[in-house]
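Colleague: For the protein sequence lines, the chains are X and A, in the order given.
All residue numbers for the first sequence refer to this note's numbering, where the first residue is 1 and numbers rise by one.
All residue numbers for the second sequence refer to this note's numbering, where the first residue is 261 and numbers rise by one.
The C-beta atom is built at its ideal place from N, Cα and C for all residues, glycine as well.
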Amino acid sequence: MIFFDWIGRRCIESFFYIIDLTYFLLSAFSIWRPQRHIFNRAVYSVFLDQLVLHGINAIAIISFLAIVVGISIASQLVFIIVSITGAKDLIEILARLVLSEVGPLITGVVLVGRSCSGIVVDLGNARVAGEIKPLLYLGVNLNDYFVLPRIVSMVISQVILALYFSAIMLLFGMLFSVLLYDLSAQESLRELLKLVTMDSFFRFMLKNILFGLSIGTLACFHGLAVENSATQVTEQMHKAVVRSIVFLFLLDSYFIIFTL
Amino acid sequence: MSHSIIQASINADQAIPYAEGSKLNCPALSCQLQASELTCLVGPDRAQLRSYLLMLAGISKPRDGQVEIMGQQLSELDQQAWQSFRTQIGYLSGMSPLLSSQHALMNVMLPILYHLGLSFHQTADKARSLLVELDCHFDAKMFPAQLSIFQRAQVALARALILQPKVLVLDLPFNDLGAKERCEMAELLGKYKQGRVMCMIGGLQYPQFLQKHADQIVFISGHKIISFAGWQSFVESDDSEVQRLLSFLQKV
Numbered sequence: 001m002i003f004f005d006w007i008g009r010r011c012i013e014s015f016f017y018i019i020d021l022t023y024f025l026l027s028a029f030s031i032w033r034p035q036r037h038i039f040n041r042a043v044y045s046v047f048l049d050q051l052v053l054h055g056i057n058a059i060a061i062i063s064f065l066a067i068v069v070g071i072s073i074a075s076q077l078v079f080i081i082v083s084i085t086g087a088k089d090l091i092e093i094l095a096r097l098v099l100s101e102v103g104p105l106i107t108g109v110v111l112v113g114r115s116c117s118g119i120v121v122d123l124g125n126a127r128v129a130g131e132i133k134p135l136l137y138l139g140v141n142l143n144d145y146f147v148l149p150r151i152v153s154m155v156i157s158q159v160i161l162a163l164y165f166s167a168i169m170l171l172f173g174m175l176f177s178v179l180l181y182d183l184s185a186q187e188s189l190r191e192l193l194k195l196v197t198m199d200s201f202f203r204f205m206l207k208n209i210l211f212g213l214s215i216g217t218l219a220c221f222h223g224l225a226v227e228n229s230a231t232q233v234t235e236q237m238h239k240a241v242v243r244s245i246v247f248l249f250l251l252d253s254y255f256i257i258f259t260l
Numbered sequence: 261m262s263h264s265i266i267q268a269s270i271n272a273d274q275a276i277p278y279a280e281g282s283k284l285n286c287p288a289l290s291c292q293l294q295a296s297e298l299t300c301l302v303g304p305d306r307a308q309l310r311s312y313l314l315m316l317a318g319i320s321k322p323r324d325g326q327v328e329i330m331g332q333q334l335s336e337l338d339q340q341a342w343q344s345f346r347t348q349i350g351y352l353s354g355m356s357p358l359l360s361s362q363h364a365l366m367n368v369m370l371p372i373l374y375h376l377g378l379s380f381h382q383t384a385d386k387a388r389s390l391l392v393e394l395d396c397h398f399d400a401k402m403f404p405a406q407l408s409i410f411q412r413a414q415v416a417l418a419r420a421l422i423l424q425p426k427v428l429v430l431d432l433p434f435n436d437l438g439a440k441e442r443c444e445m446a447e448l449l450g451k452y453k454q455g456r457v458m459c460m461i462g463g464l465q466y467p468q469f470l471q472k473h474a475d476q477i478v479f480i481s482g483h484k485i486i487s488f489a490g491w492q493s494f495v496e497s498d499d500s501e502v503q504r505l506l507s508f509l510q511k512v
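Right, here's the structure in full:
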């Protein structure tokens with residue numbers, strides 16, 4: 001009985017958590033009204049800072065991971081596929097796996113580790129130090145200045161980094177298979193480009209936009225949930241990181257179910 | 261509505277604030293704050309004083325009664341009007357720091373960039389000249405953590421003044437400052453009193469400032485509010501609670 005109580009309570013908590021999160025996201029975006037510029041100059045400067053921090057600064061680690069994962073996954077995959085089907089479906093399987101699964105997921109996990117935790121600590125510390133209140137008193141909107149630039153920069157970073165990651169990983173995976181199995185590099189590349197249809201590209205973009213949106217929203221939500229104690233910063237950071245990863249896999253499962 | 265033709269003033273009529281963090285009861289406040297005058301709220305409970313200050317600054321709406329700031333009824337403002345209304349009211353907090361992720365110059369530029377949308381170049385020029393006016397002789401590209409407490413206070417004052425507000429609200433402006441720095445801060449604040457409504461709490465941290473500049477001192481306790489026309493009448497008051505506060509101040 002206690003177990004069912006616990007399950008019920010967790011379900012209700014999760015339901016309200018999702019409602020809070022959705023409300024938070026909608027109220028953040030509600031600041032964009034038709035008569036208003038999307039970003040004013042102060043917000044634009046924060047947006048650029050965030051884009052550099054979460055997007056451009058992550059290129060090095062994403063490149064390294066793309067090469068390493070490209071080679072390691074390709075070597076395993078090539079071995080398995082060749083032993084089952086021969087080399088004929090190799091590129092297709094590699095492309096499907098990388099574009100629809102590995103690329104967005106690994107980029108998402110890197111962004112959760114690097115940027116989600118960074119945003120929570122940044123906002124949480126600003127909250128504890130009382131840096132936010134005087135700005136509110138000067139008429140600066142919290143959602144406009146603190147939340148929206150972070151969410152939008154996270155979405156853009158996720159989309160571009162996932163594209164970049166997938167391209168590098170596919171390229172290295174393909175080169176590796178070409179080296180191992182004496183395939184024609186030109187032919188493999190042509191075959192690969194044929195596989196990239198508008199439909200698969202749209203699905204890829206949508207998935208990454210949702211990943212970026214969920215990571216950014218969770219990071220800001222938990223960062224601003226800090227009230228006045230420094231210990232809450234780490235507590236909220238743990239929550240944000242774990243829940244972001246859970247959300248990534250839930251979204252990924254959703255795509256698998258509806259796109260297979 | 262143009263704010264330029266309206267005389268800067270704050271009128272409170274039987275106004276009771278939402279007292280957050282204070283155990284004391286909040287009596288109704290009726291007072292008038294005029295341009296070029298400094299009003300200081302004093303009393304035994306800082307949280308209670310802050311709730312009155314936030315109400316007079318238009319930050320929180322009154323629980324009861326009316327507060328009118330520059331001809332605008334506070335209770336009638338919607339969210340958007342309230343936000344643009346804030347550009348007319350400078351807020352300086354000695355307790356709350358600057359934005360640590362931005363350098364001093366950007367902290368000063370922020371209200372203009374946000375509200376007026378001037379170019380970065382114009383805004384930076386304006387911010388730099390204000391910093392010079394406030395005797396800030398340090399590199400404006402330094403981050404708040406690299407500045408001394410007084411330098412941070414100067415930057416915070418510049419941020420509060422950059423939009424040339426008609427009302428300046430001072431929340432513990434002498435907090436954490438040394439004796440010499442208090443004197444310098446008092447001089448700066450005195451310079452910007454002209455033409456503005458000034459309202460503050462924490463004046464008793466530096467009574468010399470109140471002695472020189474306060475035009476009205478409002479004593480607020482759990483069950484009464486007494487207004488005094490300046491420092492002299494405040495110290496000469498025979499009210500027992502005022503005397504208790506002053507004797508406590510002398511001991512400190």
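Report all residues from its chain with a CB closer than 6 Å to the CB of residue 364(A); omit the five preceding and five following residues, and keep chain order.
Modeller: As a first step, residue 364(A) is located in the second sequence; it is residue number 104 there, counting from the start. Taking C-beta separations shorter than 6 Å and ignoring five residues to either side along the sequence, the partners of residue 364(A) in its chain run 400, 402, 415, following chain order.
Colleague: Thinking residue 480(A) and residue 278(A) are a contact (beta carbons under 8 Å), I'd like their distance in whole angstroms, please.
Modeller: The sequence position of residue 480(A) within the second sequence is 220, counting from 1. The sequence position of residue 278(A) within the second sequence is 18, counting from 1. Approximately 15 Å separates the beta-carbon atoms of residue 480(A) and residue 278(A); this is outside 8 Å, ruling out the contact.
Colleague: Could you pull the start and end residues of the alpha helix (DSSP H) that residue 269(A) belongs to?
Modeller: Mapped onto the second sequence, residue 269(A) falls at position 9. Counting along the chain, residue 269(A) falls outside any alpha helix (DSSP H), though it belongs to the beta strand (DSSP E) covering 269-276.
Colleague: Opposite residue 460(A) in the DSSP bridges: which residues?
Modeller: Here the question's residue 460(A) lines up with position 200 in the second sequence. Paired residue(s): 300(A), 430(A).
Colleague: Could you give the first and the last residue of the continuous alpha helix (DSSP H) run that contains residue 220(X)?
Modeller: Taking the first residue of the first sequence as 1, we reach residue 220(X) at position 220. 198-224 is the extent of the alpha helix (DSSP H) around residue 220(X).
Colleague: Does the pairing of the region 375-385 of chain A with the region 350-359 of chain A give three or more beta-carbon distances under 8 Å?
Modeller: no
Colleague: Counting only C-beta atoms, is residue 229(X) closer than 9 Å to chain A at any point?
Modeller: Position 229 of the first sequence, counting from 1, holds the residue named residue 229(X). Closer than 9 Å: no.
Colleague: So for residue 176(X), helix, strand or coil by DSSP?
Modeller: Residue mapping note: residue 176(X) aligns to position 176 of the first sequence, counting from 1. The three-state reading of DSSP puts residue 176(X) in helix, counting H, G and I together.
Colleague: Can you give the Cα-Cα distance for residue 152(X) and residue 216(X), rounded to whole angstroms?
Modeller: For the purposes of this step, residue 152(X) is taken as the residue at position 152 of the first sequence. For the purposes of this step, residue 216(X) is taken as the residue at position 216 of the first sequence. If I take the Cα positions, the gap works out to 8 Å.
Colleague: Check residue 475(A) in the structure and name its three-state DSSP category.
Modeller: Here residue 475(A) corresponds to residue number 215 of the second sequence, with the count starting at 1. Strand at residue 475(A).
Colleague: If contacts are defined as beta-carbon pairs under 8 Å, then residue 417(A) and residue 376(A) qualify, I think. What distance do you get, rounded to the angstrom?
Modeller: Here residue 417(A) refers to the residue found at position 157 of the second sequence. Here residue 376(A) refers to the residue found at position 116 of the second sequence. Not really, about 19 Å apart at Cβ, beyond 8 Å.
Colleague: How big is the Cα-Cα spacing for residue 503(A) and residue 303(A)?
Modeller: In the second sequence, counting from the first residue as 1, residue 503(A) sits at position 243. In the second sequence, counting from the first residue as 1, residue 303(A) sits at position 43. Roughly 11 Å separates the two Cα atoms.
Colleague: Tell me which residues share the same chain as residue 271(A) and place their Cβ nearer than 6 Å to its Cβ, disregarding the 5 neighbours each side in the sequence.
Modeller: What you label residue 271(A) is simply residue 11 of the second sequence in a count that begins at 1. If we look at residue 271(A) and ignore the five residues flanking it on each side, its Cβ neighbours are 292, 328.
Colleague: If we count Cβ pairs, one from each stretch, closer than 8 Å, do we get three or more for the region 75-85 of chain X versus the region 226-238 of chain X?
Modeller: no
Colleague: In terms of residue numbering, what span does the beta strand (DSSP E) encompassing residue 291(A) cover?
Modeller: In the second sequence, counting from the first residue as 1, residue 291(A) sits at position 31. Here the beta strand (DSSP E) through residue 291(A) covers 289-294.
Colleague: Give the residues of chain X in contact with residue 319(A), contact being defined as C-beta atoms less than 7 Å apart.
Modeller: Indexing the second sequence from 1 puts residue 319(A) at position 59. The contacting residues are 137.
Colleague: Classify residue 23(X) as buried or exposed, calling it buried when 16 or more other Cβ atoms lie within 10 Å of its own Cβ.
Modeller: The residue given as residue 23(X) occupies position 23 in the first sequence. With fewer than 16 other Cβ atoms within 10 Å, it is exposed.
Colleague: Determine the contact status of residue 78(X) and residue 172(X), defining contact as a CB-CB distance below 9 Å.
Modeller: As a working note, residue 78(X) is residue 78 in the first sequence. As a working note, residue 172(X) is residue 172 in the first sequence. Residue 78(X) is not a Cβ neighbour of residue 172(X), given a cutoff of 9 Å.
Colleague: Please list the terminal residues of the continuous alpha helix (DSSP H) segment that includes residue 92(X).
Modeller: On the first sequence, residue 92(X) is found 92 positions in, with the first residue counted as 1. Residues 90-97.
Colleague: Mind reading off the beta-carbon distance from residue 429(A) to residue 349(A)? Whole number of angstroms is fine, and I expect it under 8 Å.
Modeller: Mapped onto the second sequence, residue 429(A) falls at position 169. Mapped onto the second sequence, residue 349(A) falls at position 89. At roughly 6 Å, the Cβ-Cβ gap stays under 8 Å, so residue 429(A) and residue 349(A) are in contact.
Colleague: Considering only C-alpha positions, which residue in the set 54(X), 93(X), 59(X), 123(X) is nearest to residue 261(X)?
Modeller: Absent from the model: residue 261(X). The displayed extent of chain X is 1 to 260, so no value can be given.
Colleague: Could you tell me which of 285(A), 320(A), 288(A), 294(A) sits nearest to residue 427(A), measuring between CA atoms?
Modeller: Here residue 427(A) corresponds to residue number 167 of the second sequence, with the count starting at 1. Check the Cα spacing between residue 427(A) and each of 285(A), 320(A), 288(A), 294(A): the tightest is with 294(A).
Colleague: Against residue 145(X), what residues of chain A qualify as contacts under a CB-to-CB distance less than 9 Å, listed in chain order?
Modeller: Against the first sequence, residue 145(X) aligns to sequence position 145. Going along chain A in sequence order, the residues near residue 145(X) (Cβ under 9 Å) are 370, 374.
Colleague: For residue 140(X), would you say it is in contact with chain A, using Cβ-to-Cβ distances shorter than 9 Å as the test?
Modeller: Taking the first sequence and counting its residues from 1, one reaches residue 140(X) at position 140. Flagged as an interface residue toward chain A: residue 140(X), by a C-beta distance shorter than 9 Å.
Colleague: When the distance is taken between beta carbons, is residue 147(X) closer than 9 Å to residue 220(X)?
Modeller: Within the first sequence, the letter at position 220 stands for residue 220(X). Within the first sequence, the letter at position 147 stands for residue 147(X). The Cβ atoms of residue 220(X) and residue 147(X) sit closer than 9 Å to each other.
Colleague: Using beta-carbon positions only, say whether residue 249(X) and residue 99(X) come within less than 9 Å of one another.
Modeller: Position 249 of the first sequence holds residue 249(X). Position 99 of the first sequence holds residue 99(X). No, the Cβ-Cβ distance between residue 249(X) and residue 99(X) is not below 9 Å.
Colleague: Kindly indicate if chain X contains any beta-carbon less than 9 Å away from that of residue 360(A).
Modeller: Here residue 360(A) refers to the residue found at position 100 of the second sequence. Yes, its Cβ sits closer than 9 Å to a Cβ of chain X.
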